[in-house]
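In our numbering, the protein residues as written are 1045 to 1460.
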């Protein structure tokens, strides 16, 4: 899916643009447009028929958010929830110049569920998708920067984009643009690095920290902002610090009677602590690295989510499973296989599954992501293979291969 968003090959993008420079890609240089992901008709369907609730929708006008009661309301008898979208109120606000912001579409809109899932696989970082629907000659937000990378995918209409150099490079999630408001506002008055109009099918990549603003032109503009929460060196260091909490010497209390206000004493304590830390990292690097890897995998699993499964269809598939049923690892599911004596464990983010040790090789083949059938699993006969795969299917670890290839098939999880 990355190749849909960039006009250069992935290796060039990784070397010259990822995390460092914007990339403008015109529709003529991309393999296809983006109206299959979100069109005007689809926006109307989401607002009018899908029961969207806050916080999956916001509205903004001229840099300020619109009060929620101006576009939300109760759902009526049988759906007495006060935060459902009120389509008539949305119409009134949109007609008055407010931008519709549809958030978290990677959780509720089938085309973007699939698109984002595959993009996570391409990038290796968590991804989200929001959409911005702006009336003619209007803008939603002032110049600002994001704390995540974005791909702007224009699906309909035209929008003027102005992009400026960062005032704070590679901001962390804890470092929003409002911390540098004055500098951002001043930079926005400089000559832009990019000043262009995006039309249908155009794309723009912006690394986090790059300042940008946009305004719709003479027609309604719809664009998707695909946000990428890049895993950073800081994240790895934070995981290392967390893992150091397992080291006894580094949990010890400081001596009684210390004076935290004495600069020389504080420096001496810090110097001694750093020396201890260097020894620990030198002597226990592989062990700490294993712990960091586990923490990083858990963090990624928490920030991403594999495609949903359809419970009823999955149980039907499990009941009908035979030696020829083709299955595949559920895309995006994070798990490790670990030796546990006479057992082998499949360790998922939310649970641990235990199997006889002779299943280890078969689990490894399943975990590889290749298509599998019960009759071909190593060290298992066909009957044992059926038992193993049926359990993995019921536990939502694998899905029928057809479900990973064709929209709308059982276990694909495409309902909004």
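For every residue, glycine included, the Cβ atom is placed at its ideal position computed from N, Cα and C.
Next on the checklist: In whole angstroms, give me the CA-to-CA distance for residue 1147 and residue 1133.
Outcome noted: 18 Å
Checklist entry - Are three or more beta carbon pairs between the segment 1167–1183 and the segment 1238–1252 nearer than 8 Å? => result no
Checklist entry - Counting Cβ pairs closer than 8 Å, one from the segment 1419–1430 and one from the segment 1356–1376, do we hit at least three? => result yes
Item to check | Contact under 8 Å by Cβ, residue 1215 with residue 1189 | outcome: yes
Item to check | Closest residue to residue 1187 among 1202, 1253, 1245 (Cα-Cα distance) | outcome: 1253
Checklist entry - Is there contact between the segment 1292–1299 and the segment 1103–1122, where contact requires at least three CB pairs shorter than 8 Å? => result no
Checklist entry - Between the Cα of residue 1106 and the Cα atoms of 1183, 1248, 1432, 1413, which residue gives the shortest distance? => result 1183
Checklist entry - If you scan the segment 1324–1380 from start to end, which runs of the beta strand (DSSP E) of 3 or more residues do you find wholly inside it? => result 1371–1373
Checklist entry - Do residue 1063 and residue 1172 have their CB atoms nearer than 8 Å? => result no
Checklist entry - By Cβ distance below 7 Å, which residues in the same chain neighbour residue 1437 in space, the five residues on each side in sequence not counted? => result 1358, 1361, 1362, 1365, 1371
Item to check | For residue 1457, the three-state DSSP class (helix, strand or coil) | outcome: With a pLDDT of 33 at residue 1457, under the threshold of 50, the predicted position of this residue should be treated as unreliable, though the coordinate-derived value follows. If DSSP states are grouped into helix, strand and coil, residue 1457 belongs with coil.
Next on the checklist: With a threshold of 6 Å on Cβ separation, who are the neighbours of residue 1433 within its own chain once the five nearest residues in sequence on each side are excluded?
Outcome noted: 1371, 1418
Checklist entry - Should residue 1316 be labelled buried (16 or more other beta-carbon atoms within 10 Å of its own) or exposed? => result exposed
Item to check | With 16 other Cβ atoms within 10 Å as the buried cut-off, status of residue 1161 | outcome: buried
Checklist entry - Rounded to the nearest angstrom, how far is the Cβ of residue 1393 from that of residue 1342, given a contact under 8 Å? => result 6 Å
Item to check | Inter-residue Cα distance where the pair is residue 1135 and residue 1291 | outcome: 59 Å
Next on the checklist: So, at 8 Å on beta carbons, what are the nonlocal neighbours of residue 1330 in its own chain, with the 5 sequence-adjacent residues on each side left out?
Outcome noted: none
Next on the checklist: Quick check on this structure: which residue in 1144, 1202, 1354 has the alpha carbon closest to the alpha carbon of residue 1100?
Outcome noted: 1144
Next on the checklist: Considering only the alpha carbon of each residue, which of 1223, 1232, 1163, 1247 lies closest to residue 1200?
Outcome noted: 1247
Checklist entry - Given a threshold of 16 other Cβ atoms within 10 Å of its Cβ, counted over all protein chains shown, does residue 1450 qualify as buried or as exposed? => result Unreliable placement is indicated for residue 1450, whose pLDDT of 42 sits below 50; the coordinate value is still reported in the next sentence. Exposed, because fewer than 16 other Cβ atoms sit within 10 Å of the Cβ of residue 1450.
Next on the checklist: Judging by CA-CA distance, which residue of 1235, 1234, 1236, 1212 is the nearest neighbour of residue 1225?
Outcome noted: 1212
Checklist entry - Are residue 1262 and residue 1074 touching if we call contact CB-CB under 8 Å? => result no
Checklist entry - Nearest-angstrom Cα distance between residue 1142 and residue 1322? => result 55 Å
Item to check | Backbone secondary structure at residue 1384 - three-state DSSP | outcome: strand
Checklist entry - Among the residues of its own chain, which have a CB less than 6 Å from the CB of residue 1397, if the five just before and after it don't count? => result 1390
Next on the checklist: I need the straight-line Cα distance from residue 1422 to residue 1381, nearest angstrom please.
Outcome noted: 16 Å
Next on the checklist: Could you check whether residue 1265 and residue 1203 sit closer than 8 Å to each other, using their CB atoms as the reference points?
Outcome noted: yes
Checklist entry - If residue 1443 and residue 1353 are in contact, beta carbons under 8 Å, what's the gap, nearest whole angstrom? => result 7 Å
Checklist entry - Alpha carbon to alpha carbon, what distance is there between residue 1151 and residue 1157? => result 6 Å
Item to check | Neighbourhood of residue 1118 by C-beta distance below 8 Å, restricted to the same chain and skipping five residues each side | outcome: 1124, 1125, 1126, 1128
Item to check | Other residues of its chain near residue 1191: CB distance less than 7 Å, five sequence neighbours each side excluded | outcome: 1215, 1216, 1217, 1219, 1220, 1252
Item to check | Under the three-state DSSP convention, the category residue 1221 falls into | outcome: helix
Checklist entry - Are the Cβ atoms of residue 1110 and residue 1104 separated by less than 8 Å? => result yes
Next on the checklist: Give me the DSSP bridge partner(s) of residue 1117.
Outcome noted: 1128
Item to check | Residue nearest to residue 1233 in terms of C-alpha spacing, selected from 1293, 1332, 1255 | outcome: 1255
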